[in-house]
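Enquirer:
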Amino acid sequence: MARLKWGMIGGGEGSQIGPAHRLGALADGHFDLVAGALDHRPEAGRAYARQLGVAPDRAYGDWKEMLAAERDRADRLDLVTVATPNATHYEISKAFLEAGINVLCEKPMTVTVAEGEDLVRTAARTGRICAVNYCYSAYPMVRQARAMVRAGEIGRVRLVVTSFSHGHHGDATDADNPRVRWRYDPAMAGVSGQFADCGIHALHMASFICDDEVESLSADFASTIPSRVLEDDAMVNFRMARGTVGRLWTSSVAIGRQHGFDIQVFGETGGLRWASEQPNQLIHTPVGGRTQIIEKGEGGLHDDAKRLSRVAIAHPEGFPLAVANIYCDLADTIRGSARDGLPLAASGLRSIAAIHAAVASAKAGGAWQDARPPMFR
Ligand code: NAI
């Protein structure tokens with residue numbers, strides 16, 4: 064099978080998410096990194112792309128130069144990943160979709176709901192894939208949880224409780240570090256800080272595992288470091304279309320919590336628990352029964368969890384391989400076998416609508432808001 068040609072925008076040297084994309088995309092032999100505009104500093108971006116093995120004529124100083132040079136090549140890109148700060152996602156993703164190139168966009172997909180709706184429409188009109196990197200949903204045991212809910216193994220889901228709370232922006236003396244600061248600056252991050260940065264992973268995970276959509280929410284936001292314009296802590300209550308009650312806490316000042324992403328799903332006949340810091344294990348308690356640990360790689364897993372487990376049972380299989388699972392699903396989808404778990408622009412749009420609903424709710428003292436994008440109401 065021919066390898067797919069992959070380009071990257073952002074994710075330069077020292078960036079947080081860039082390495083996970085490269086480890087993930089290159090893990091299974093589906094993609095080759097052939098082009099990149101990796102850094103907001105043109106020379107640094109060109110140099111780093113060359114260091115990664117990109118040919119000098121495809122190591123670009125910025126994404127517009129990359130688009131102009133790549134769009135008419137015979138050996139054009141099959142996929143471009145957009146891993147720049149949030150405010151740039153829309154313009155870059157739209158331009159590459161319009162040029163007929165599939166996109167994997169980092170979350171949050173866009174800053175405004177109108178932009179999100181436009182990307183959904185642009186993907187449909189161009190017939191290109193616009194995926195969003197909700198990579199936690201590609202851990203094998205998250206896929207197992209979703210398959211168990213779909214198979215009715217915990218009955219109708221009554222309640223989902225999730226948190227994505229870490230303490231890595233809790234040091235007020237580091238608040239001016241440029242890599243931290245942009246996340247709380249509306250010009251770079253949009254209308255929300257921590258909820259848009261981490262909370263939407265948790266919200267997406269709730270929808271993903273419950274196989275349901277968030278319809279309404281109520282939010283309380285706080286900027287616990289006063290120099291921050293945007294929130295660094297949020298509590299969000301939500302309701303899903305099939306009546307499931309949701310609770311979500313997200314924070315970046317919870318000192319002592321490391322990655323801090325976990326989810327519990329409580330159904331009529333059982334409960335499930337998964338945490339990103341122990342990603343190989345899914346905890347299952349049937350009603351009236353004993354708590355059991357389901358391990359990645361053991362026998363009897365649902366097909367999707369089996370397919371995405373690579374290394375032997377009990378060996379750690381971490382974050383870059385979850386990202387690799389997104390790239391595997393993308394490779395299959397690009398080659399014509401669409402993968403149902405792959406998060407697409409519609410999921411990205413739902414998150415943006417939820418962000419705006421949460422901001423409106425927080426401003427209105429927690430008043431409940433419709434969390435659905437207008438085009439899906
Ligand atoms: P970062 O600040 O660590 O790195 C950003 C990188 O993009 C830098 O290399 C910078 O030079 C480059 N860049 C900035 N503007 C650019 C432009 N116009 N053209 C080309 N390169 C440009 O940021 P980080 O944490 O890597 O975040 C990037 C994106 O990834 C954000 O949207 C963030 O929300 C998302 N993210 C997603 C995660 C996930 O779990 N899916 C985890 C961490 C970040």
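Counting in the working numbering, the sequence shown runs from 64 upward without gaps. No residue lacks a Cβ here, since even glycine has one placed at the ideal position from N, Cα and C.
Quick test of your reading: R320 and Q327, contact by CB under 8 Å. State the CB separation rounded to the nearest angstrom.
Expert: The pair is not a contact, with the Cβ atoms about 16 Å apart (cut-off 8 Å).
Enquirer: Answer yes or no: the CB of W69 versus the heavy atoms of ligand 1, is any distance below 7 Å?
Expert: no
Enquirer: Going along the chain, which residues of its own chain have a beta-carbon closer than 6 Å to the beta-carbon of R244, five neighbours each way excluded?
Expert: Contacts found: none.
Enquirer: Where does L393 fall in DSSP's three states?
Expert: helix
Enquirer: Out of R139, V174 and G429, point me to the one whose CA is closest to E154's CA.
Expert: V174
Enquirer: Closest to T147 by CA distance: which of T348, H84, N300 and I397 is it?
Expert: H84
Enquirer: Taking only the alpha-carbon atoms, compute the straight-line gap between R435 and R206 and give it to the nearest angstrom.
Expert: 24 Å
Enquirer: Quick check: the Cα distance between R221 and R302, rounded to an integer number of angstroms?
Expert: 10 Å
Enquirer: Using a Cβ-Cβ cutoff of less than 7 Å, which residues in the same chain neighbour D125 once the five nearest sequence positions on both sides are dropped?
Expert: So the qualifying residues of the chain are A100 and P105.
Enquirer: I need the straight-line Cα distance from M211 to H365, nearest angstrom please.
Expert: 8 Å
Enquirer: Report yes or no: do the stretch 349–367 and the stretch 110–129 share at least 3 C-beta pairs separated by less than 8 Å?
Expert: no
Enquirer: Check whether the Cβ atoms of G233 and V316 lie closer than 8 Å to each other.
Expert: yes
Enquirer: Alpha carbon to alpha carbon, how far is R209 from C273? Give it in angstroms, no decimals.
Expert: 7 Å
Enquirer: Of all the options T287, G92 and L266, which has the alpha carbon lying nearest to the alpha carbon of V277?
Expert: L266
Enquirer: Cα-Cα, which of A65, D325, V299 and G333 is closest to T348?
Expert: G333
Enquirer: Thinking C-beta only, is L142 closer than 8 Å to F94?
Expert: yes
Enquirer: Is the beta carbon of C193 sitting closer than 8 Å to the one on S228?
Expert: no
Enquirer: State yes or no: is the C-beta of N196 nearer than 7 Å to some heavy atom of ligand 1?
Expert: yes
Enquirer: Identify every run of the alpha helix (DSSP H) within the stretch 209–255, keeping only runs that are complete inside it and at least 4 residues long; order them along the chain.
Expert: 241–244 and 249–252
Enquirer: Using a Cβ-based criterion (distance less than 7 Å to any ligand heavy atom), does V225 qualify as near ligand 1?
Expert: Just to set this straight, residue 225 is Thr in the shown sequence, not Val. Incorrect: T225 has no Cβ contact closer than 7 Å to ligand 1.
Enquirer: Measuring only from the beta carbon, is S78 closer than 7 Å to any heavy atom that is part of ligand 1?
Expert: yes
Enquirer: Among residues of its own chain, excluding the 5 on either side of A162, which ones have a beta-carbon nearer than 8 Å to its beta-carbon?
Expert: L130, E133 and R134
Enquirer: Grab me the residues of D102's own chain with a C-beta within less than 6 Å of its C-beta, minus the 5 sequence neighbours each way, in chain order.
Expert: G75 and G108
Enquirer: I'd like the list of long-range same chain contacts for S424, defined as Cβ closer than 6 Å, with 5 residues on each side in sequence excluded.
Expert: S281, A282, A430 and Q432
Enquirer: Cβ of R242 within 7 Å of any heavy atom in ligand 1?
Expert: Of the heavy atoms belonging to ligand 1, at least one sits nearer than 7 Å to the Cβ of R242.
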